[in-house]
Amino acid sequence: SWTTGNVIEEQVAAIREQVGDKRAICGLSGGVDSAVAAALVQKAIGSQLTCVYVDHGLMRKGETEQVEKDFVAATGVQLKVVDAEERFLKALAGVSDPEEKRKIIGREFIRVFEQAQAEIIADEGPAVEFLVQGTLYPDVVESGGGTGTANIKSHHNVGGLPEDLEFQLIEPLRKLFKDEVRMVGQELGLPEEIVQRQPFPGPGLGIRIVGEVTKDRLDLLREADAIAREELTAAGLDRDIWQCPVVLLADVRSVGVQGDGRTYGHPIVLRPVSSEDAMTADWSRLPYDVLAKISTRITNEVRDVNRVVLDVTSKPPGTIEWE
Ligand code: XMP
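Under my numbering, the first residue of the sequence shown is numbered 1452, with each subsequent residue one higher.
Written out as C-alpha cells, the structure reads:
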C-alpha cells in the first residue's frame, strides 16, 4: 500500500543503484518540488550530491535564509549559494517591459547556474553525471512521458565543461502529485515553511514591480509582502488561498495624508486568489478585518506607500500575476 515511508525507501534504493559512485547536481529554487527531490537524493547518496542555489535578489523576505540555513540544517546537504543580486539588478536596470524582464531574468539565471555547474565539475572531475529534477507526475503526463537525459548547452560557459554535456536525469518525484510530494517532504523532516509553500514565480519579485526593478523598490515590496503573508498566516488563511501576490505599482503615485502632512506615494496591490491548478482562478473573498489589518500595517510600516488596493479580477480575464 502507498505510504510515504514506502515511497522514500523505494526511491532511495533506486537512486543508489542508478548513481553508484558517481556524483549529482541539483538546482534549488526555494520551491517545494526541488527541495523534496534534493532531500530524497541527499538521503540516498549523501555527499555525492551538490545543490546549487542562485540568489537573484528577487526573493521574498527570509526565503534565501530558509534555503541557506533551515534546508541545510534539515538535510545536511552540500550547498553552493551564488549571490548574483548585483548581476541581476544590473541586467534589469532601465527595463520596465514585463516580457523583457522575464527574458533577462531567465537568461541570467541559466548563465549563473551553468557557471556554478562548471565550477563544481571542475572541482569534482568527470564523475558528475547526474542532474536532479523535481518533475511531478502532472508534468510527466503533460509533456508526453519522455524521460532520460538532458543536454546542457555550454556555449556561454567559462570552461571546464565539454561542448555539449549530457546529464542523466534523476527524477524521484515522477510518480507523485503535489500533495504527496508535500507528505514526503514532511516525512523527510523538511521545514514546514518549505513543505507548505504556496506557488511563487521563478522571476520572483521582478515581475511584481510594475515599472523598473531597483534594489530600493525590491526592499519596499519585500516589507509589504512580508506583512501580508504574516497576517494571512496569523488569520489561518494559508490553506484557503492558492497564493496572494503583492504588487508594487512603482510607476503610479497618488496623493495621501499621513501624520500631519500630504504624501505622494505608491499603491500596493493585494491579489489573493483561490484556484485548483492556476489555469483559472477566482479572487478570494478575504475577511474584511484581515484586509483592514494588512492595509493599516502596510501604510503605517512601509515608507513611500500610502494606499493599499484589492484586485477583484478573476482569471480569466486577469492573470494571477500582474506581469
Ligand atoms: P499567471 O500569472 O499566468 O500565473 O496566471 C499562473 C501561475 O504560475 C505562476 N507563475 C510562474 N511560475 N515561473 C514560475 O515558476 C514563472 O515565470 C511564472 N509566472 C507565473 C504564478 O505565480 C501562478 O501560480
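Every residue gets a Cβ at the ideal spot worked out from N, C-alpha and C, and that includes glycine.
The residue among Asp1728, Asp1711, Ser1726 and Ile1660 with its C-alpha nearest the C-alpha of Val1720 is Ile1660. Under the three-state reduction of DSSP, Thr1714 is assigned to strand. Proximity of the beta carbon of Ala1686 to ligand 1 is not indicated: no heavy atom of the ligand is located closer than 6 Å. Gly1513 is the residue among Gly1513, Asp1574 and Leu1737 whose C-alpha sits nearest the C-alpha of Arg1648. These are the residues, in chain order, with a beta carbon less than 6 Å from any non-hydrogen atom of ligand 1: Pro1650, Pro1652, Gly1653, Pro1654, Gln1694, Ala1729, Lys1766, Thr1770, Ile1771 and Glu1772. Counting along the chain, no alpha helix (DSSP H) covers Gln1709; the unbroken beta strand (DSSP E) around it starts and ends at Ser1705 to Gln1709. Residue burial annotation: Val1708 is exposed, with fewer than 16 other C-beta atoms found within 10 angstroms of its C-beta. Less than 7 Å divides the Cβ of Ala1675 from the Cβ of Val1753.
In this structure the region 1488 to 1506 touches the region 1452 to 1468; the number of beta carbon pairs closer than 8 Å is three or more.
Leaving aside the five residues that flank Leu1509 on each side, the residues in its chain whose CB is nearer than 6 Å to its CB run, in chain order, Gly1655, Leu1656 and Gly1657.
Beyond the five residues adjoining it in sequence on each side, Ile1555 comes within less than 7 Å, by CB distance, of Ala1542, Leu1543 and Val1546 in the same chain, given in chain order. Nearest to Ala1601 by alpha-carbon distance, out of Glu1593, Phe1560, Leu1620 and Thr1586, is Leu1620. Unbroken beta strand (DSSP E) stretches of 3 residues or longer found wholly inside the region 1516 to 1570: 1529 to 1534, given in chain order. Per DSSP, reduced to three states, the secondary structure at Ile1771 is coil, with no helix or strand assignment.
Ranked by Cα distance from Ser1485, the options Thr1747, Pro1650, Glu1565 and Asp1728 are led by Pro1650.
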